[in-house]
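Presented below is the structure to which this report refers.
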Amino acid sequence: MNLFEEYITKKRMRLFTGNREILMPSYIPERLPHREKEVSRLGEILAPSLEGVKPSNVFIYGKTGTGKTAVVKYVLRDLERVTTVHNLNVRSIYLNCETVDTHYSVLQNIGNFFMKKWDERIPFTGWPMEKVYETVKDKLNDFGGIFIVVLDEIDKLITKSGDDVLYHLLNLNDELTKARVSLIGISNNIQVTQMLDARVKSRLSQERILFPPYNASQLKDILMDRVRLANAEDVFSEEVIGLCAALAAQEHGDARRAIDLLRISLEMAEREGAVRVLPRHVYEASSQIELSCVAEAIRTLPIQQKLVLLSILLNSEMGKINQTTGEVYATYSKIAKMVGMQPVTQRRVTDFISELDSLGLISASLKSFGRYGRTKVINPAIPVDEAKEVITEDPFLEDMKNIKLPKQTVLH
DNA sequence: TGTCCACTGGAAGGGAGGGCTT
DNA sequence: AAGCCCTCCCTTCCAGTGGACA
Numbered sequence: 000m001n002l003f004e005e006y007i008t009k010k011r012m013r014l015f016t017g018n019r020e021i022l023m024p025s026y027i028p029e030r031l032p033h034r035e036k037e038v039s040r041l042g043e044i045l046a047p048s049l050e051g052v053k054p055s056n057v058f059i060y061g062k063t064g065t066g067k068t069a070v071v072k073y074v075l076r077d078l079e080r081v082t083t084v085h086n087l088n089v090r091s092i093y094l095n096c097e098t099v100d101t102h103y104s105v106l107q108n109i110g111n112f113f114m115k116k117w118d119e120r121i122p123f124t125g126w127p128m129e130k131v132y133e134t135v136k137d138k139l140n141d142f143g144g145i146f147i148v149v150l151d152e153i154d155k156l157i158t159k160s161g162d163d164v165l166y167h168l169l170n171l172n173d174e175l176t177k178a179r180v181s182l183i184g185i186s187n188n189i190q191v192t193q194m195l196d197a198r199v200k201s202r203l204s205q206e207r208i209l210f211p212p213y214n215a216s217q218l219k220d221i222l223m224d225r226v227r228l229a230n231a232e233d234v235f236s237e238e239v240i241g242l243c244a245a246l247a248a249q250e251h252g253d254a255r256r257a258i259d260l261l262r263i264s265l266e267m268a269e270r271e272g273a274v275r276v277l278p279r280h281v282y283e284a285s286s287q288i289e290l291s292c293v294a295e296a297i298r299t300l301p302i303q304q305k306l307v308l309l310s311i312l313l314n315s316e317m318g319k320i321n322q323t324t325g326e327v328y329a330t331y332s333k334i335a336k337m338v339g340m341q342p343v344t345q346r347r348v349t350d351f352i353s354e355l356d357s358l359g360l361i362s363a364s365l366k367s368f369g370r371y372g373r374t375k376v377i378n379p380a381i382p383v384d385e386a387k388e389v390i391t392e393d394p395f396l397e398d399m400k401n402i403k404l405p406k407q408t409v410l411h
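Note that numbering that gives the first Met the number 0 gives residue 90 to position 91 of the first sequence, counting from 1, and the numbers run on in steps of one.
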């Protein structure tokens, strides 16, 4: 049977044939339940732009899945509709600092927003900063209106590149003759603002909006709305929707998680050929989300970090609990040589350990053993066998699949 | 109370890689 | 082709540290 014929037959058998995009967290509906206050607050802040006045800069913070990005995109979409109809000179750009995380790339993206011809574009590297800055200024002056720059996950930008970028962006207005730039910073980590220079900090957060987590009943409303919008009431019972909401509420009220649960439990039910989504599909979806997040995090790790993680897993497999940095480094050096790689220094490995810790793949905490030194105490935070399997998918590390450590490498 | 261990983590800088300018 | 610039990944150097032990 033709591969795609099969797909078409399957599609006919699908439980839900409506628009699946509605069941994605990235979909912005026409109504955002329980975020009316935040929407109107941001709307009020940005409204002066319609009269050609620069709106205040805004700093938005709240945990993941509390609707920060959705509200900002929602408000900017409305703003764009109005400015298009009334032909007003207001534009905005959305940048996610997960990927746009350097001084250069932020300015490059802003500059390229106004570039109509491909060959005029600022390359992703190569130009002196000064030239990029001047080009951005020229382009903004040519545009001559109000330009709103949204920096989502701004904490990533600050931790990686410091506050230089923000300093430059905030100073841009002093050097612009016609245009005006406003900043909207979005962060799920309030701590980062402590790292900012006091002047940058006060100018960035002329206005602040805090997004509280959703509770279970609010999440349920959000899911109900989506289900109605997708015309999928006959697929999801109220019980199932409530369960998705309850599970996500346990995770600090994460709407993104709740919507993912809804969609993936639907996929689970379809795969099984069920007529409706059942609570057990939701539980299955929940554990699948957890596992696939871990697997994805591991897959995207650079090879050296994979080796460090593998060392920790192997040590743990040997029954070693509470590993020290020194022990991890010893194992790492051995297996790096085994796969024909030059081991990096211990200093570098301590950075890798911190990164693995912040990704939640391991737990590492600083502990002092008195005269026996001070080190990090490290344990895997994920299932060892599954994690090993994902790591050894890497063509470089295939040979490590069945490796067992000789005892003396961990026991001193 | 001072010493000392086994690191931690900041700072500075090297060099490779990608790209532009002259 | 040579000279720059920027980012990324890494090394080298080193001051700093919590707490057991003498």
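By construction, the Cβ of each residue, glycine as well, lies at the ideal position given by its N, Cα and C atoms.
Note that this is a predicted model, so its numbers are computed, not measured.
- Going by other Cβ atoms of all chains shown within 10 Å of its Cβ, with 16 needed for buried, is S264 buried or exposed? The residue is buried, with at least 16 neighbouring Cβ atoms inside 10 Å.
- Using 8 Å as the threshold, is the segment 132 to 140 in touch with the segment 77 to 85, meaning 3 or more CB pairs across them? Counting Cβ pairs under 8 Å, fewer than three are found: no touch.
- Message: Classify Y371: buried if its beta carbon has 16 or more other beta carbons within 10 angstroms, exposed otherwise.
- Response: Label assigned to Y371: exposed.
- As assigned by DSSP and simplified to three states, the class of E4: Residue state for E4 is assigned as helix, using DSSP reduced to three classes.
- Task: Determine, using beta-carbon pairs with one atom in the segment 293 to 313 and one in the segment 391 to 404, whether at least three such pairs fall under 8 Å.
- Result: Segments in contact, yes.
- May I ask you to report which of helix, strand or coil DSSP gives R19? The answer is helix: DSSP assigns R19 an H, G or I state.
- Which two residues bound the contiguous alpha helix (DSSP H) that contains D356? Note, D356: alpha helix (DSSP H), 345 to 357.
- Check whether the segment 85 to 97 touches the segment 138 to 154, counting contact only when three or more Cβ pairs, one atom from each stretch, lie closer than 8 Å. Proximity of the segment 85 to 97 to the segment 138 to 154 meets the contact definition, three or more beta-carbon pairs being nearer than 8 Å.
- Query: Using the C-alpha atoms, what's the distance from Y60 back to S186?
  - Reply: One Cα belongs to S186, the other to Y60, and the distance between them is close to 5 Å.
- Query: For A254 versus A215, is the C-beta distance shorter than 8 Å?
  - Reply: A215 sits away from A254, with the two beta carbons spaced by 8 Å or more.
- Message: At the level of alpha carbons, what is the spacing between D413 and R298?
- Response: The question about residue 413 has no answer, for the chain in this structure spans 0 to 411.
- Option in Q341, Q345, M340 with minimal Cα separation from E326: Nearest to E326 by alpha-carbon distance, out of Q341, Q345, M340, is Q345.
- Item | alpha helix (DSSP H) segment containing N321, residue limits | If you look at N321, you'll find it isn't in any alpha helix (DSSP H); DSSP assigns it neither H nor E.
- Do K53 and S204 come within 8 Å of each other at the CB atom, strictly closer than that value? Their beta carbons are not under 8 Å apart, which means S204 does not touch K53 by this criterion.
- Message: Quick check on this structure: which residue in M267, E289, K336, R373 has the alpha carbon closest to the alpha carbon of R279?
- Response: Taking only the C-alpha atoms, the option nearest R279 is M267.
- Message: Let's test the definition: count the other Cβ atoms within 10 Å of the Cβ of D233 and tell me whether it reaches 16, buried, or not, exposed.
- Response: Exposed, since its Cβ has fewer than 16 Cβ neighbours within 10 Å.
- Might you give, ordered along the chain, the residues of its own chain that have their beta carbon closer than 8 Å to the beta carbon of E397, omitting 5 neighbours on each side? Non-local beta-carbon contacts of E397 in its own chain, meaning distances under 8 Å to residues more than five positions away in sequence, involve T391 in chain order.
- Task: Please determine, among E250, Y103, T324, the residue with the shortest C-alpha to C-alpha distance to I288.
- Result: Closest option to I288, Cα to Cα, is E250.
- Query: In chain order, what residues of the same chain lie with their CB nearer than 7 Å to the CB of E269, ignoring the 5 residues before and after it?
  - Reply: So the list reads R13, L14, once near-sequence residues are dropped.
- Message: Closer than 8 Å is the cut-off here; do at least three beta carbon pairs connect the segment 94 to 109 with the segment 150 to 170?
- Response: Contact between the segment 94 to 109 and the segment 150 to 170 is present, because at least three Cβ pairs lie under 8 Å.
- Is P278 helix, strand or coil by DSSP? Helix.
- Item | C-beta atoms of A434 and L360 nearer than 8 Å | Since the displayed the chain opens at 0 and closes at 411, residue 434 lies outside it and no answer follows.
- According to the Cβ coordinates, are V276 and F235 closer than 8 Å? Going by C-beta atoms, V276 is nearer than 8 Å to F235.
- Message: Give me, in chain order, the residues of the same chain whose beta-carbon lies closer than 7 Å to that of V191; leave out the 5 immediate sequence neighbours on both sides.
- Response: Correct list, in chain order: D154, I157, T158.
- Item | Residue from L139, L355, E388 with nearest C-alpha to K375 | That would be L355, whose Cα lies nearest to the Cα of K375.
- Complete alpha helix (DSSP H) runs within the segment 26 to 93 (minimum length 4 residues, chain order): If one requires a minimum length of 4 residues, the alpha helix (DSSP H) runs lying completely within the segment 26 to 93 are 35 to 45, 67 to 84, in chain order.
- In chain order, what residues of the same chain have a beta carbon less than 8 Å from the beta carbon of A296, not counting five sequence neighbours either side? Within the same chain, A296 has close Cβ partners L358, G359, L360.
- Task: Below 8 Å CB to CB, which residues in the same chain sit around F113 once its five sequence neighbours on both sides are set aside?
- Result: The residues are K138, L139, D141, F142.
- Hey, how far is the Cα of K319 from the Cα of P382? The alpha-carbon atoms of K319 and P382 are separated by roughly 15 Å.
- Applying the criterion that 16 or more other CB atoms from any shown protein chain within 10 Å of the CB defines a buried residue, is A197 buried or exposed? When all chains shown are included, A197 counts as exposed.
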